[in-house]
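Counted from 1, the sequence shown has number 761 at position 761 by the UniProt record's numbering; the numbering is strictly sequential.
For reference, the structure discussed in these notes is given below.
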Amino acid sequence: MNVEQYLLIIKGEDKTSEIISYAFQGEKVEITYPNKTYLYAKNNVEIFTNPLDLGDKISLKQGDLLCVQQALKFDTYIKIFFDNGTEEIIPSSALQASSDSHAKPHIILNYIKDIANCVGLSGDDGVSLLTKELNKIDCIPSHNALYAYLHPNTQNLASNDITESQNHTESPQNITPNKHSKYNKSKILLFPFGSNQSQTKALYNAMTHQISVIEGPPGTGKTQTILNIIANLLYQGKSVAVVSNNNAATANVFEKLQNYKLEYLCATLGNKENKEHFITNQTGQYPELATKLNEIQEIQGKIKELNATLDEVFVVQNKIAKDKELLSRFELEAKYFREQIHPQTLPQLKKNLQSDMILHLKAKLESTKKLSLWQKLKCVFLYGIGDFAFYKIPKMEILRAFDEIYYKLKIYELESALNTNTQRLEVLNASNPLQELQHLSFALLQEKLREKYQTHSQPPTHETTTQQNTRNARKIFEANDLTRNPQEFIDEYPIIFSTTHSLKSSLDIEFDYLIIDEASQVDLSSGILALSSAKNAIIVGDRKQLPNVIPNDKIKDLENLSKAYSIPPYYDYTKHSLLSSILEVLPLAPKVLLKEHYRCHPKIIGFCNKKFYHNQLIVLTKDNAESSVIEAIITPKGNHARGNYNNREIAVITEEILPPLKERLRSEEIGIVAPYNDQKQGLQEKINDDNLQVDTIHKYQGREKEAIIITCVKNEIDEFINDPKMLNVAITRAKSALRLVVSHNIAYTNNNISDLIKYIQYHNFAVKTSRINSIFDLLYEANNEARIKYLKYKKKISQYDSENLIYHLIKDILEKNNFDTLSVLPHIPLVNLFSFSQDSIKNTDKQENQKTQNINATKCRALENGENTQGLLNKEEYKYALNQWTHIDFVIFNTMDKSLLLAIEVDGYTYHTKNEEQKRRDRLKDSIFEKYNAPLLRLSTIGSNEGARIESRIKEELEKSRD
1 MNVEQYLLII KGEDKTSEII SYAFQGEKVE ITYPNKTYLY AKNNVEIFTN
51 PLDLGDKISL KQGDLLCVQQ ALKFDTYIKI FFDNGTEEII PSSALQASSD
101 SHAKPHIILN YIKDIANCVG LSGDDGVSLL TKELNKIDCI PSHNALYAYL
151 HPNTQNLASN DITESQNHTE SPQNITPNKH SKYNKSKILL FPFGSNQSQT
201 KALYNAMTHQ ISVIEGPPGT GKTQTILNII ANLLYQGKSV AVVSNNNAAT
251 ANVFEKLQNY KLEYLCATLG NKENKEHFIT NQTGQYPELA TKLNEIQEIQ
301 GKIKELNATL DEVFVVQNKI AKDKELLSRF ELEAKYFREQ IHPQTLPQLK
351 KNLQSDMILH LKAKLESTKK LSLWQKLKCV FLYGIGDFAF YKIPKMEILR
401 AFDEIYYKLK IYELESALNT NTQRLEVLNA SNPLQELQHL SFALLQEKLR
451 EKYQTHSQPP THETTTQQNT RNARKIFEAN DLTRNPQEFI DEYPIIFSTT
501 HSLKSSLDIE FDYLIIDEAS QVDLSSGILA LSSAKNAIIV GDRKQLPNVI
551 PNDKIKDLEN LSKAYSIPPY YDYTKHSLLS SILEVLPLAP KVLLKEHYRC
601 HPKIIGFCNK KFYHNQLIVL TKDNAESSVI EAIITPKGNH ARGNYNNREI
651 AVITEEILPP LKERLRSEEI GIVAPYNDQK QGLQEKINDD NLQVDTIHKY
701 QGREKEAIII TCVKNEIDEF INDPKMLNVA ITRAKSALRL VVSHNIAYTN
751 NNISDLIKYI QYHNFAVKTS RINSIFDLLY EANNEARIKY LKYKKKISQY
801 DSENLIYHLI KDILEKNNFD TLSVLPHIPL VNLFSFSQDS IKNTDKQENQ
851 KTQNINATKC RALENGENTQ GLLNKEEYKY ALNQWTHIDF VIFNTMDKSL
901 LLAIEVDGYT YHTKNEEQKR RDRLKDSIFE KYNAPLLRLS TIGSNEGARI
951 ESRIKEELEK SRD
């Protein structure tokens with residue numbers, strides 16, 4: 001019978017294609033087959049006609065069916081015809097209502113198949129090998145990780161296999177827990193490889209959500225996190241595949257498992273050679289398993305106690321690291337402040353004051369033109385700040401003295417907090433709880449493995465005669481077992497290493513978990529293929545490091561495919577790696593940035609933290625005030641590069657940089673990063689040292705050296721040299737020393753490399769003669785907070801609100817344009833912005849005699865009276881510039897060296913157009929900026945398109961050469 005017109009189900013089986021005809025005879029149904037006729041009771045026969053054609057695009061509640069040629073709905077059944085000629089019937093109730101709110105999965109899959117055919121390695125028949133593997137995906141179950149990725153609007157993202165976790169970690173917000181989950185908060189997580197605050201959170205997310213993301217910046221323990229995830233999966237009896245876009249990326253994980261003697265649980269598959277190597281190198285024996293562990297419940301209870309202790313340890317440890325970093329910033333900024341501002345007279349402090357109190361008092365003093373007797377009495381007797389002689393000096397110097405006092409008190413407070421927290425950490429770590437947690441966790445894991453593999457031992461063969469061999473005999477698998485008995489194989493080897501391209505062909509089975517490492521380098525086609533192989537997925541990578549590389553000659557074809565399929569941007573192969581796509585497609589999937597950094601010296605990672613990671617990293621390495629941690633060598637003006645080769649930079653490296661480094665480091669501890677092979681080869685020939693690695697940046701990802709030397713080669717900046725991801729990877733290979741060799745032209749134009757040079761020069765206190773001072777952002781931010789509190793207390797809300805509107809407009813502009821090294825501060829005193837009194841006497845401490853104080857006070861009065869000590873400004877301009885109430889509304893500055901980029905004034909229409917005195921002050925301010933060659937932009941409160949003006953001027957200033 002015509003299977004497209006009829007559906008006959010006999011005793012629950014579809015027999016339509018075998019039947020020639022049917023006829024009703026009373027309570028019976030006569031069914032005629034080619035060779036015989038049978039009578040069936042009516043209740044054993046279901047007959048359907050006139051089906052509804054559903055086409056070839058259907059979605060089921062239990063998952064997506066792919067490779068469908070046609071689907072017909074026969075009342076309560078759906079008959080599906082597949083491309084390979086097979087047929088299947090399912091209940092109509094299994095049909096999923098379709099939604100047009102998201103890209104259809106079959107469209108995405110077809111697009112990815114065509115992408116794979118375009119970029120993938122082809123077989124003898126001209127079809128991409130990756131496409132062939134993708135074509136094998138004929139069904140995507142709803143519990144599969146790929147289903148979650150292709151159906152983001154329907155997922156609550158709770159794990160399919162949640163069984164155990166900590167009782168002290170909360171579930172991420174906005175993620176709906178799975179009411180059917182087996183998750184039990186009274187159970188434990190194991191940490192046999194150590195942990196920290198971020199890693200604990202990452203492990204929790206991995207074990208409680210179907211898809212989770214771990215962003216692992218360099219040196220933050222990404223491998224350690226993966227190892228702990230694997231350990232917990234083993235403890236739960238789960239299988240896991242660890243993959244990346246190449247075998248080298250996952251080799252580090254396997255090596256660490258080897259170090260802990262857990263390689264017997266692993267199968268390194270992937271390409272044909274890897275599979276053959278594994279099959280031929282099976283030992284046929286288990287290693288000696290751990291002895292039986294008693295008192296398991298007591299150990300589990302102890303682990304919970306240790307985790308509670310370590311919660312506090314991690315908090316205190318991170319607080320210490322943050323305070324050390326902040327202390328270092330304050331100490332350096334205070335050094336610049338004293339060098340450039342020269343506070344003249346410091347009062348004696350007779351009482352213990354908090355730093356925020358000093359700024360609160362300063363905000364009060366700034367609000368009055370002249371200090372009253374009552375204010376002086378309060379400062380002297382209530383707060384214990386100086387004596388009456390101190391308050392006779394010019395008010396400008398009093399305010400500067402308060403700034404200097406703030407620095408001293410803030411530094412003292414940070415040092416005190418560090419001392420207190422360090423003592424607390426010593427108490428918490430007295431019994432070494434982390435080491436004990438690792439030991440007990442590993443013991444529990446070993447016990448679980450003993451229980452499992454003790455029952456796996458094979459009976460002896462004629463070749464295994466000793467008692468030891470009999471006890472430890474293990475099945476040896478053959479190559480065809482990978483396809484014939486994948487479940488038996490995975491039960492024996494629950495950790496599989498492969499690549500995203502070959503995982504499915506290595507072992508075509510649905511894993512419990514999939515870990516995709518270096519996911520920023522994984523392309524969408526192989527990533528999707530890998531996701532189809534697991535119920536749950538952990539995506540690990542770093543968007544700030546090297547991406548997947550798309551061949552230039554393929555980009556246009558790929559873009560045309562995206563347009564042809566009308567692909568949403570978040571699934572676009574040309575725009576996303578698997579990592580970035582997952583983050584866009586599944587914004588509610590829990591993600592953790594591993595913040596604790598263990599590799600680089602604080603001065604080295606400090607740049608990347610500012611530039612690339614928004615100061616989110618917590619640096620746990622030590623700064624022992626070493627000299628020459630970071631250095632930039634700028635070659636003289638001239639075109640020294642010839643193509644991709646620069647002999648001048650090679651000479652600088654071999655003659656100036658390497659000799660002092662080799663005095664304290666071995667050759668194998670030094671690495672040189674060159675952007676081009678020509679420069680690499682030139683360096684190798686000149687150095688002639690096989691132990692000293694010279695390589696391009698792509699060879700360095702995942703590695704580290706004590707010292708890294710970066711040669712930029714080119715005379716002028718270009719897109720390749722300026723790539724922020726390559727710069728990030730290059731810098732973060734260095735543990736204790738970083739050297740940068742760069743041309744004059746690159747150094748003195750605005751780009752990512754010049755930002756690094758600014759950072760190096762600022763942190764090396766390379767003070768330059770300049771009429772424009774540094775922006776003291778820590779001081780100004782604290783001053784502004786105190787000022788805002790004072791304004792709100794005095795109910796001067798309108799003044800604060802008007803500033804706030806412009807402030808947030810500027811912030812939005814900086815964020816929208818990815819001006820990641822720029823920041824903005826409001827209400828900056830003009831007297832601190834420019835160097836008005838370079839010939840004045842520098843720092844005088846509180847012990848100096850009255851005569852010296854009088855001399856300083858006289859000089860400050862001279863400045864306030866407008867006496868020209870530099871000859872740059874006239875008397876009226878000096879007097880205005882040194883007035884305590886003369887401020888700049890906003891300054892935009894470079895955070896790498898705290899240099900001014902642009903000052904902004906916002907003029908109220910009525911006040912600035914009709915008030916003649918204000919007009920005069922505006923002219924004075926304009927003249928001062930012009931004479932100091934400093935950029936100033938004026939905005940009007942009634943102006944239109946002011947945001948565009950700000951954005952355009954910022955870009956204009958960035959384009960200007962620094963010299």
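The C-beta atom is built at its ideal place from N, Cα and C for all residues, glycine as well.
Asked, Found
"Could you check the C-alpha separation between S416 and A267 for me, to the nearest Å?", "53 Å"
"Look at A632 and L740 and say whether their C-beta atoms are less than 8 Å apart.", "yes"
"Look up Q285 in the DSSP assignment and say whether it is helix, strand or coil.", "strand"
"Which same chain residues end up closer than 7 Å to T76 when comparing Cβ atoms and leaving out the 5 residues on each side of it in sequence?", "P91 and S92"
"L872 to K931, Cα distance in whole Å?", "7 Å"
"Given this structure, state the Cα-to-Cα distance separating N615 from A674, to the nearest angstrom.", "27 Å"
"Where F893 and L937 are concerned, what is the direct C-alpha to C-alpha distance, given to the nearest angstrom?", "14 Å"
"Name the DSSP beta bridge partners of I495, please?", "V240 and C266"
"What is the DSSP secondary structure of E4, reduced to helix, strand or coil?", "coil"
"Where does S754 land, buried or exposed, given buried means 16+ other C-beta within 10 angstroms?", "buried"
"Answer yes or no: do L95 and K113 have a C-beta to C-beta separation smaller than 8 Å?", "no"
"With 16 other CB atoms within 10 Å as the buried threshold, where does K351 fall?", "exposed"
"Short of 6 Å in beta carbon distance, which residues of its chain neighbour V3, apart from the five on each side in sequence? Order them along the chain.", "T16 and S17"
"Can you check which of these residues, M396, M357 and S195, is closest to Y383 by C-alpha distance?", "M357"
"Helix, strand or coil for E27 per DSSP?", "coil"
"Would a C-beta distance cut-off of 8 Å place V313 and P433 closer than the cut-off?", "yes"
"Please state the DSSP three-state secondary structure of N573.", "Rather than Asn, the amino acid found at residue 573 in this sequence is Tyr. Three-state DSSP puts Y573 in coil, outside helix and strand."
"For R787, count neighbouring C-beta atoms within 10 Å of its own C-beta (all shown protein chains included) and say buried if the count is 16 or more, exposed if not.", "buried"
"Should E951 be labelled buried (16 or more other beta-carbon atoms within 10 Å of its own) or exposed?", "buried"
"Looking only at C-alpha atoms, which of D56, M1 and L54 sits nearest to I31?", "M1"
"With a threshold of 16 other CB atoms inside 10 Å of the CB of H640, please say whether the residue is buried or exposed.", "buried"
"Leaving out the 5 sequence neighbours to the left and right, which residues in its chain are closer than 7 Å to S498 when beta-carbon positions are compared?", "A241, V243, L269, G270 and S506"
"At what residues does the beta strand (DSSP E) containing Q69 begin and finish?", "V68 to F74"
"Using the three-state DSSP reduction, which class does Y513 fall into: helix, strand or coil?", "strand"
"Relative to the C-alpha of E447, which candidate in K919, K28, S566 and E288 has its C-alpha closest?", "E288"
"Between S760 and the rest of its own chain, which residues show a CB-CB distance below 6 Å, the 5 nearest in sequence each way excluded?", "It should be noted that the sequence gives Ile, not Ser, for residue 760. Cβ within range, chain order: I630 and A632."
"Taking 8 Å as the cut-off, decide whether the C-beta atoms of I509 and Q545 are in contact.", "no"
"Would you call Q679 buried or exposed, if buried means 16 or more other Cβ atoms sit within 10 Å of its Cβ?", "buried"
"Would you decide whether E864 is buried or exposed? Buried here means 16 or more other CB atoms lie within 10 Å of its CB.", "The predicted position of E864 is uncertain, since its pLDDT is 49 and thus under 50; no value can be drawn from it."
"Could you tell me which of A589, L727 and L756 sits nearest to Y204, measuring between CA atoms?", "A589"
"Out of L924, V742, F489 and A430, which has the shortest C-alpha to C-alpha gap to I279?", "F489"
"Between A734, Y513 and A564, which lies nearest to T621 when the distance is taken from Cα to Cα?", "A734"
"If we count Cβ pairs, one from each stretch, closer than 8 Å, do we get three or more for the stretch 385-397 versus the stretch 363-372?", "yes"
"I need the straight-line Cα distance from I582 to Y149, nearest angstrom please.", "7 Å"
"Looking at the secondary structure, which residues open and close the alpha helix (DSSP H) in which Y759 lies?", "N752 to H763"
"Only counting the same chain, and skipping five residues up and downstream in sequence, which positions put a Cβ closer than 8 Å to that of E867?", "Interpretation of E867 is limited by its pLDDT of 47, a score under 50 that renders its predicted location unreliable; no figure is taken from the coordinates."
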